[in-house]
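See below for the structure under consideration.
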Amino acid sequence: MMRDPHLYPYWPYKNRPKIRWKNGAKLAFWVAPNIEFYELDPPKNPSRTPWARPNPDVVGYAARDYGNRVGHYRMMEAMDKHDVRGSVSLSVAMCQHHPEIIKACNERNWEFFSHGIYNTRYCYGMDEAQERAVIEDSIRTVKEATGQTIAGWLAPALTHTERTFDLIAEYGIRYTCDLFQDDQPQPISVKKGQLISMPYSLEVNDVICYNSYLMSPRHYGDVLKKQFDQLYLEGEESGTVMCIPLHAFLVGHPHRIKAFEEALQYITSHPDVWVTTAREIADYYYAHYYDTFSAWTPQPA
Amino acid sequence: MPLDDLFLQYPKRGHHMDHDLYAWSNLFERPPLQLPNGAKLAVMITIPLEFFPLNPSGKPFKAPGSMVTPYPDFRHYTTRDYGNRVGIFRLMNVLEKYGLRANIAINSALVEKYPILLDEVVKAGHEVVAHGVDMDALHYGGMDKELETKYITEALSVLRSRSGQAVKGWLSPAFSESFDTPTLVAEAGCTFICDWANDDLPYWMKTPQGNIIAMPVSQELSDRRIIIEYHQTEESFVTQVLDQFEALYEEAETYGGRVFSLTLTPYISGLPFRLQAIDTILKYISSKNDWVNPTGTEIVDLMS
């Protein structure tokens, strides 16, 4: 086990090369609906038990299944109203179980990236061949179901191995949402190919705000607006990224949807915001800033 | 040693659920619930009445609300019992004030202990729902099937014989089920089950022993989740409940009938300082039009 993963260089949050997003935008905004499948009777990983209760954990399973029967559509309607496309963090087995949901996203020109096969299959303890199989399955499944070649990765239930980033970069995946060290993208050190970290803003993830920080829906709505205000202000100096990572089984409940929708309305009503997808942010960063930042070394003032 | 290859096998990966209990469908594409008089919402209130033994086995886990301190935990035993002695009467009074009926789910051990409690529930006009034997007699995967059958038979027979109601609804203690629970409950003559909080409308489950309605008993919108687990205030609880009501009300205009499902716990909502919040909620609902207040059995009839 490593004491320090040495994934990226240290860059103080000042005097960085200036980022300007598409059309001069100060902030690139994207929304990441997690569209997940949790199994009723998954095998038990030695490092982590999928459910709090013995299988079948009807409470845990049904709470998440709510997203697939109800929540996604309610969330999608709120996003449609404000012309926000999703960048879907996808349990790729959803392509088999619920192709109807995948079709609804695809019709809206949403992006898909991989969030593993099921959110009850953890990568802890996988050997290299097994982890490759998961990556290859993800690429193949999403390609067949949607025509898209996945550009991004968020490990299933955030379960990694030491080789995850090297492997996804080797397979041509362009960004990872697994690292939370910054509000701007950053090149990640990998053995082969190129990879950047994409700010995924775990701290404003609905599952963290609702279930870990125990926020009320209206408080969460305020948090999203304040997160935006600060990043928009700082984007004046150098462009920032704001992501709202979502789970329809939480945000898609009737008592939560309005606060989310109001935050979307607030954010998208500002002029210098690029409302986009993670893939487009990654493409833009690679085209304009990857080389600059890779060659840059911070100097003391 | 690598992970077992079992981890890369997905035998249930296909265009269906990963179990046979129900088929997937999209709420927004389903035929709407046709409510009497073209109502937009069915207001469905669920109240559990629970007996928490002082000496729980905790098997296979302790139900939420179970004992906490080393034995004998009189503190939590009596705190929960307060709901059965005082809290439920406060809640039934405020329901009566606004002319509302609830589905009241009762552990059969509580009926044996306090038969007069069931009598009062029945007299007040609420629908009695079976809630297993007690809060330590949990249904769970891997339990003995004979024992589970015994629990279900006991729970239903005690309630049916004393309440004078047919008792067709089932709510498992702690919403916990084994793989067999829906089948056994259907076999025992129940027409609806309240454990699956995966929808905003009732829907059909199919079991080898016949079909059964999954009733959308809310767990997110409950005093337990919002006040106890999320530590939010009574004022915030009221706001969230009313926001839920408004969102569903608005949605029903486009998509048709919805169930507004609210779960209240006597030892939580029945405390003196919380009653005003419950009164505020019910008063607000009363001020609105276009809703009905069917019990579980009446909702099943609407679906049939």
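Protein chains in written order, with our numbering: chain C, 2 to 302; chain U, 68 to 371. All C-beta atoms in this analysis are idealised placements derived from N, C-alpha and C, irrespective of residue type, glycine included.
In the structure shown, C/G153 falls within a strand segment according to DSSP collapsed to helix, strand and coil. Residues P188 of the same chain have their beta carbon placed closer than 8 Å to that of C/S295, with the five preceding and five following residues left out of the count. In this structure, the beta-carbon distance from U/M272 to U/P249 falls below 8 Å. Restricting attention to C/Q149, C/E129 and C/F38, the CA atom closest to the CA of C/L168 is found in C/E129.
With a cutoff of 8 Å on beta-carbon distance, C/I136 and C/V143 are scored as not near each other. With three or more CB-CB distances shorter than 8 Å, the stretch 154-169 of chain C counts as touching the stretch 181-195 of chain C. Looking at the DSSP output, U/G256 bridges to nothing. Note on the stretch 41-121 of chain C: whole alpha helix (DSSP H) runs with a minimum of 4 residues are 59-67, 73-82, 95-98 and 100-108, in chain order. Neighbours of U/G209 in chain C, taken as residues at a C-beta separation under 7 Å, are given in chain order as P55. C/F38: not part of any beta strand (DSSP E); DSSP gives it neither H nor E. Proximity of C/R49 to chain U, defined by a Cβ-Cβ separation below 8 Å, is not satisfied.
Around U/C257, the same chain offers K235 and W237 as residues with beta carbons nearer than 6 Å, after the five sequence neighbours per side are excluded. Around the beta carbon of C/Y11, fewer than 16 other beta carbons sit within 10 angstroms, so the residue counts as exposed. Note: C/F30 is bridge-paired with C/M243 and C/V276 in the DSSP secondary-structure output.
Within the stretch 88-135 of chain U, the complete beta strand (DSSP E) segments at least 3 residues long are 108-116, listed from N- to C-terminus.
With distances taken between CA atoms, C/H83 lies nearest to C/F30 out of C/Y39, C/S92, C/F30 and C/M95. Below the 8 Å Cβ cutoff, chain C contributes L215 as neighbours of U/H298, in chain order. Excluding its 5 nearest sequence neighbours in each direction, U/T274 has C-beta neighbours in its own chain below 6 Å: P249, T250 and A253, listed in chain order. Contact fails between the stretch 299-314 of chain U and the stretch 85-95 of chain U, because fewer than three Cβ pairs, one in each stretch, are under 8 Å apart. Ranking U/S285, U/L116 and U/P123 by CA distance to the CA of U/L177 puts U/L116 first. Fully contained in the stretch 233-304 of chain U are the following alpha helix (DSSP H) runs of length 4 or more, in chain order: 248-254. Excluding residues up to 5 positions away in sequence, K27 and L28 lie with their Cβ nearer than 6 Å to the Cβ of C/G236 in the same chain.
Per DSSP, reduced to three states, the secondary structure at C/Y221 is helical.
Scanning its chain for C-beta atoms nearer than 6 Å, with the 5 sequence neighbours on each side dropped, one finds around U/D290 the residues L331, T332, I335 and S336, in chain order. C/R257 sits in a helix when the DSSP states are folded into three classes. At a beta-carbon threshold of 8 Å, none of the residues of chain C lie near U/D290; the nearest stands roughly 13 Å away. A straight-line Cα-Cα distance of about 26 Å links U/F128 and C/Y119.
For U/N151, no beta strand (DSSP E) segment is defined, and its DSSP state is neither H nor E. Taking a contact as a CB-CB distance under 8 Å, the pair U/S243 and U/L288 does not count as one, their CB atoms being some 20 Å apart. Rounded to whole angstroms, the separation of the alpha carbons of U/T145 and U/V153 is 11 Å.
A Cβ-Cβ separation of about 6 Å places U/P139 in contact with U/L121 under the 8 Å criterion. For U/F340, the uninterrupted alpha helix (DSSP H) segment begins and ends at P339 to S354.
Across the structure, U/T216 and U/H198 are spaced so that their CA atoms are roughly 14 Å apart. Chain-order list of chain U residues neighbouring C/I118: L75, Y77 and R80, by C-beta distance under 9 Å.
The three-state secondary structure of C/H248, taken from DSSP, is strand. Listed along chain C is no residue with a C-beta nearer than 9 Å to that of U/P99; the closest approach is about 14 Å.
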